[in-house]
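Protein chains: 2
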Amino acid sequence: MIEKKIVKTTELQDFVAEVLHQNGLEKRQAEITADVLVSADQRGINSHGVARLKRYIDGLKDGTIRSNPSVRIVKETPVSLVIDGDGGMGQPVAFDAMTKCIEKAKQSFMCFASIRNSNHYGIAGYYTLMALKENLIGVSLTNTAPLVVPTFGKEVVIGTNPISIGVPAKDEKPFLLDMATSTVPRGKIEVYARKEEEIPDSWACNELGEPSTDASLILDNLINRRGGGLLPLGGGKELTGGHKGYGLSVAVDIFCSVLSSGLVGAEVYGQKGEPAGVTHFLGAISPEAFVGSDEVRENMTHYIRMLKNAEKAEGQARIYIHGEKEFEAEEQNREKIGLERVVFETLNLLGKPFGLILSNLSDK
Amino acid sequence: MIEKKIVKTTELQDFVAEVLHQNGLEKRQAEITADVLVSADQRGINSHGVARLKRYIDGLKDGTIRSNPSVRIVKETPVSLVIDGDGGMGQPVAFDAMTKCIEKAKQSFMCFASIRNSNHYGIAGYYTLMALKENLIGVSLTNTAPLVVPTFGKEVVIGTNPISIGVPAKDEKPFLLDMATSTVPRGKIEVYARKEEEIPDSWACNELGEPSTDASLILDNLINRRGGGLLPLGGGKELTGGHKGYGLSVAVDIFCSVLSSGLVGAEVYGQKGEPAGVTHFLGAISPEAFVGSDEVRENMTHYIRMLKNAEKAEGQARIYIHGEKEFEAEEQNREKIGLERVVFETLNLLGKPFGLILSNLSDK
Chain A
208 MIEKKIVKTT
218 ELQDFVAEVL
228 HQNGLEKRQA
238 EITADVLVSA
248 DQRGINSHGV
258 ARLKRYIDGL
268 KDGTIRSNPS
278 VRIVKETPVS
288 LVIDGDGGMG
298 QPVAFDAMTK
308 CIEKAKQSFM
318 CFASIRNSNH
328 YGIAGYYTLM
338 ALKENLIGVS
348 LTNTAPLVVP
358 TFGKEVVIGT
368 NPISIGVPAK
378 DEKPFLLDMA
388 TSTVPRGKIE
398 VYARKEEEIP
408 DSWACNELGE
418 PSTDASLILD
428 NLINRRGGGL
438 LPLGGGKELT
448 GGHKGYGLSV
458 AVDIFCSVLS
468 SGLVGAEVYG
478 QKGEPAGVTH
488 FLGAISPEAF
498 VGSDEVRENM
508 THYIRMLKNA
518 EKAEGQARIY
528 IHGEKEFEAE
538 EQNREKIGLE
548 RVVFETLNLL
558 GKPFGLILSN
568 LSDK
Chain B
208 MIEKKIVKTT
218 ELQDFVAEVL
228 HQNGLEKRQA
238 EITADVLVSA
248 DQRGINSHGV
258 ARLKRYIDGL
268 KDGTIRSNPS
278 VRIVKETPVS
288 LVIDGDGGMG
298 QPVAFDAMTK
308 CIEKAKQSFM
318 CFASIRNSNH
328 YGIAGYYTLM
338 ALKENLIGVS
348 LTNTAPLVVP
358 TFGKEVVIGT
368 NPISIGVPAK
378 DEKPFLLDMA
388 TSTVPRGKIE
398 VYARKEEEIP
408 DSWACNELGE
418 PSTDASLILD
428 NLINRRGGGL
438 LPLGGGKELT
448 GGHKGYGLSV
458 AVDIFCSVLS
468 SGLVGAEVYG
478 QKGEPAGVTH
488 FLGAISPEAF
498 VGSDEVRENM
508 THYIRMLKNA
518 EKAEGQARIY
528 IHGEKEFEAE
538 EQNREKIGLE
548 RVVFETLNLL
558 GKPFGLILSN
568 LSDK
């Protein structure tokens, strides 16, 4: 069991925002970014939470992330936006784009934004949730650093490119899909490497492009660019559907990059010290475009209950709906969040130069 | 090697249309349906081609498919349609819906149609191709008979619900994804059962909900409704990402059924002799909503070439783009198509009562 430090959620949020602000990020941008990061921890997705703060600070320092970008709308129609993030933080540009998509969807039934020249935007599901709070359907896609090998390849030219789709329900939690299009994210392989355990052969391939169960080898190859990398959802063979995960990853990059004329595939995070060129695609759809909000929400409840009530596999007590585990975690972490000791300590180190201290409630 | 009968493509198309028409289907509907079926064979997707004609004829005879439906538009906005197919053939209602989406996308940048109360519509990619021919981005989704088990379940409550997305390119074939959200379709398991070969354990689960490699057992269980069925893309465990395929399948059903108030999940094909209640979601998006048609097509070409030129895995000569194999098959089968002997004979049996004969060019 990993030792946890308990912190107050609101204090964590203020602390993260202030550290970002002290590192040159404008106040409102810092607050949005802090909210996205803390939300990830609240929802139990610690890999994308405040544990990443140091990386963002490093990015602000080395020029990968611009602290004062001139974000501009390149094109606008009643149902679409093309936005240039000018190399700034991903969270605020994505937050503002989704806010605008929501406004426009209320006017024109739907709106989608393709965003170029941005950075890592945290959990894809944060922006889908923004639409759900307005009883709209939300879509959130992003490309990422190239970490994934296409079917029959051995070179990482596509990202883990996640897909998030959210649909509101009545008297049930909404459906909130948020999935990488690779079988697993890189972090999962790191966990297995630390434990010195073999990974399933649908997770990654070696420098020859052959499925491998050696977690340390995979990571070593990735770091030293020797070839190989993560495999798409479905694994390394057509036999097990790997070409499908590959296709989904490409589709995500098309919506994010091809439609915005942004960096694509292997180009993302291509130059050290240059903006990473991450791209996003966000959208809000009003159920009023179809059978209407009440009916859509009732239909969702009917479908969700059908799935939950289906017969369980031997030894299983429950069938989950996507997002359900995360909504339960959020409920539990509303007031307080448990952080890994190393994360807690790193945060305090980042705060120290500015006299900022994050308190540990577990010692009290 | 399976013996093939060579037939003339145009003759096959006229034959299939006439057989459908003689079975009560109005002429225009019969011609559209024939075109969708023959296109599947041309594109090498024989599982969804004229081999299915008998099933459609049976459906027209037993009432699963209504030959003279009163298709109606339930709701229309500048960017959306809700259509009730009144239990008719899937192909014509989907064809007409996509035609209308294309028209409206040219006016309003995009349009999506959610269609309830339809039937099997053939290959999802046929409708995406319609958009591609107009230099638009196409989307085509459908639910299907429940054949797939959700993660931690053992009862088939979701479909193989395919996703098709098409995006035009310049000087390269378009990207055309067309994939079931299960690891494989049922037909693949039938092939292995006939060969008495074991299937990979990410394809299907037994009556306890446990992954199984026994193709005959899986089919037998499905036919006798003993439990178990196909597994979502990613297989039967969260460890290998099975919950992701499950989530994609649910997302497809939401767009098709929840947005149109159609039958959903386990309800599809619920009553023998009643319309099947299949639902679809079709859409066309103009690149002019984003950076514009020329730029999008050039960006696609750049991305496609990056993928194709990536380093190949040991022993592989080529990285494919989605749809590429099918475009090559289409080129090859433009004039003539090879049909399996049993398919050729079944077609002639279906034509016989009406004095229709399909000629075999291979004997000449």
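Chains A and B, in that order, are what the protein sequence lines are.
Mapping the first sequence onto my numbering, position 8 (from 1) lands on 215, and the numbers just tick up by one.
Mapping the second sequence onto my numbering, position 60 (from 1) lands on 267, and the numbers just tick up by one.
We put the beta carbon where it would ideally sit given N, CA and C, even for glycine.
Note that the structure is predicted; figures quoted are calculated from it, not measured.
Closer than 8 Å to chain B by CB, residue i
i             : result
residue 465/A : yes
residue 397/A : no
residue 446/A : yes
residue 416/A : yes
residue 460/A : yes
residue 456/A : no
residue 523/A : yes
residue 328/A : no
residue 500/A : no
residue 518/A : yes
residue 510/A : yes
residue 307/A : no
residue 429/A : no
residue 497/A : yes
For residue j and residue i, believed in contact at Cβ under 8 Å, the rounded distance
i             : j             : result
residue 356/B : residue 363/B : 6 Å
residue 254/B : residue 394/B : 5 Å
residue 298/A : residue 239/A : 5 Å
residue 291/B : residue 281/B : 5 Å
residue 521/B : residue 470/A : Actually they are not in contact, since the Cβ atoms of residue 521/B and residue 470/A sit about 29 Å apart, beyond 8 Å.
residue 447/A : residue 409/A : 7 Å
residue 441/A : residue 440/B : 6 Å
residue 348/A : residue 370/A : 6 Å
residue 500/A : residue 342/A : 6 Å
Beta-carbon contacts of residue i that lie in its chain and below 7 Å, excluding the five residues immediately before and after
i             : result
residue 529/B : 382, 383 and 384
residue 400/B : 422, 423 and 426
residue 544/A : 214, 216, 219, 248 and 249
residue 367/B : 351, 354, 355, 387, 388, 389, 392 and 437
residue 568/A : 213, 214, 215 and 543
residue 472/A : 353, 364, 365 and 460
residue 406/A : 396, 399, 420 and 422
residue 300/B : 278, 290, 292, 322 and 325
Minimum Cβ-Cβ distance from residue i to chain A less than 8 Å
i             : result
residue 567/B : no
residue 506/B : yes
residue 407/B : yes
residue 526/B : yes
residue 529/B : yes
residue 514/B : yes
residue 317/B : yes
residue 559/B : no
residue 489/B : no
residue 503/B : yes
residue 471/B : yes
residue 302/B : no
8 Å Cβ shell around residue i - same chain, five flanking residues per side excluded
i             : result
residue 502/A : 494
residue 286/B : 311, 315, 316, 317, 318 and 319
residue 308/A : 288, 318, 319, 320, 338, 489, 490 and 491
residue 376/B : 382, 504, 507, 508 and 511
residue 486/B : 321, 322, 323, 324, 325, 349, 350, 460, 463, 464, 467, 469, 470, 471 and 475
residue 565/B : 214, 218, 219, 222, 551, 554, 555 and 558
Own chain residues within Cβ distance below 6 Å of residue i, not counting five before or after
i             : result
residue 344/A : 374 and 492
residue 540/B : 249
residue 274/B : 231, 232 and 267
residue 537/B : 249 and 250
residue 443/A : 412, 418 and 449
residue 305/B : 334, 337 and 489
(request) Mind the definition here: the region 257-275 of chain A touches the region 538-554 of chain A only if three or more C-beta pairs lie below 8 Å; say whether that holds. (result) yes
(message) Any C-beta of chain B within less than 7 Å: which residues of the region 362-390 of chain A qualify?
(response) 362, 364, 372, 374, 382, 384, 386 and 390
(message) For the structure I just gave you, are there three or more beta carbon pairs, one from the region 504-515 of chain A and one from the region 456-467 of chain B, closer than 8 Å?
(response) yes
(message) Please list, in chain order, the residues of the region 249-264 of chain B that have any C-beta partner in chain A closer than 9 Å.
(response) Along the region 249-264 of chain B, there is no position whose C-beta sits under 9 Å from a C-beta of chain A.
(request) Residues of the region 218-241 of chain A with a CB closer than 9 Å to any CB of chain B: list them in chain order, please. (result) none
(message) Check whether the region 328-335 of chain B and the region 451-458 of chain B touch, using three or more Cβ-Cβ pairs below 8 Å as the test.
(response) no
(request) Would you be able to state if there are at least three C-beta pairs under 8 Å between the region 556-567 of chain A and the region 226-239 of chain B? (result) Segments in contact, no.
(request) Name, going along the chain, the residues of the region 344-361 of chain A whose beta-carbon falls closer than 9 Å to a beta-carbon of chain B. (result) Hits within the stretch, in order: 344, 356, 357, 358, 359, 360 and 361.
(request) Output, in sequence order along the chain, the residues in the region 279-290 of chain B whose CB is closer than 8 Å to any CB in chain A. (result) Answer set for the region 279-290 of chain B: 281, 282, 284, 285, 286, 287 and 289.
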